[in-house]
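J.: Let me begin by handing over the structure; questions about it come next.
Residue numbers (my numbering): 2 to 151.
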């Protein structure tokens with residue numbers, strides 16, 4: 002798969018997705034993520050998080066994380082909530098709990114982070130990711146998931 006096509010995302014694994022993000026120009030990702038396919042792509046990525054969660058790395062971690070993805074149609078943002086507790090990870094696109102950590106980033110940055118194509122710490126240091134709350138958790142959140150490498 003060489004085209005960033007949202008309809009094909011459900012049929013590819015995390016490693017293929019990582020390769021696709023790495024091979025697709027940022028401008029093309031930004032174009033797709035500002036259109037009608039945005040919700041479908043974000044839902045697909047977030048729905049995979051529980052399967053990629055590494056409970057042995059989380060230990061007794063209890064956290065509510067809000068992911069605020071900017072750059073939607075008309076300047077809208079999408080917020081997803083990841084809850085880590087009791088050795089499990091759950092995700093919803095209807096946040097209801099107060100976050101221990103809220104991270105804001107554009108869709109291109111988000112896809113680079115979740116596909117292993119971007120260094121979260123470097124993206125934070127350069128202002129591409131804004132974090133509010135538990136910065137220690139922010140520094141370690143990537144370690145809680147089996148993030149594929151392209």
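C-beta: ideal position from N, C-alpha, C; glycine also.
Compute the beta-carbon to beta-carbon distance between residue 118 and residue 22, rounded to the nearest angstrom, for a pair I have assumed lies under 8 angstroms.
T.: For a cut-off of 8 angstroms, the C-beta gap from residue 118 to residue 22 is around 5 angstroms, short enough to register as a contact.
J.: Along the beta strand (DSSP E) that carries residue 77, what are the first and last residues, could you check?
T.: For residue 77, no beta strand (DSSP E) encloses it, and the DSSP letter there is neither H nor E.
J.: Assign residue 115 to one of two classes, buried (16 or more other C-beta atoms within 10 Å of its C-beta) or exposed (fewer than that).
T.: buried
J.: Could you tell me whether the segment 121 to 135 touches the segment 52 to 62, using the rule of 3 or more Cβ pairs below 8 angstroms?
T.: no
J.: Straight-line CA distance for residue 75 to residue 137?
T.: 33 angstroms
J.: Along the chain, where does the beta strand (DSSP E) containing residue 147 start, and where does it finish?
T.: Neither: residue 147 is in no beta strand (DSSP E) and is coded neither H nor E.
J.: In this structure, does DSSP put residue 5 in helix, strand or coil?
T.: coil
J.: Would you say the segment 32 to 49 touches the segment 120 to 127, given that touching needs at least three Cβ pairs under 8 angstroms?
T.: Using a Cβ-Cβ distance cut-off of 8 angstroms, the segment 32 to 49 and the segment 120 to 127 are not in contact, since fewer than three pairs of beta carbons, one from each stretch, lie closer than that value.
J.: Spatial neighbours of residue 149 within its chain, please: C-beta separation below 6 angstroms, excluding the five flanking residues on both sides.
T.: 15, 16, 19 and 117
J.: In the DSSP assignment, the alpha helix (DSSP H) including residue 137 goes from what residue to what residue?
T.: 136 to 141
J.: Looking only at its own chain, which residues have a Cβ that is under 7 angstroms from the Cβ of residue 5, when we skip the five neighbours before and after it?
T.: Non-local C-beta neighbours of residue 5 in its own chain, meaning closer than 7 angstroms and more than five positions away in sequence, comprise 21, 25, 29, 30 and 33, ordered along the chain.
J.: Considering only DSSP beta bridges, list what residue 106 is partnered with.
T.: Paired residue(s): 70.
J.: Taking buried to mean at least 16 other C-beta atoms within 10 Å of its own C-beta, is residue 110 buried or exposed?
T.: buried
J.: Specify, as a first and last residue, the run of the alpha helix (DSSP H) that residue 19 falls within.
T.: Counting along the chain, residue 19 sits inside the alpha helix (DSSP H) bounded by residues 15 to 24.
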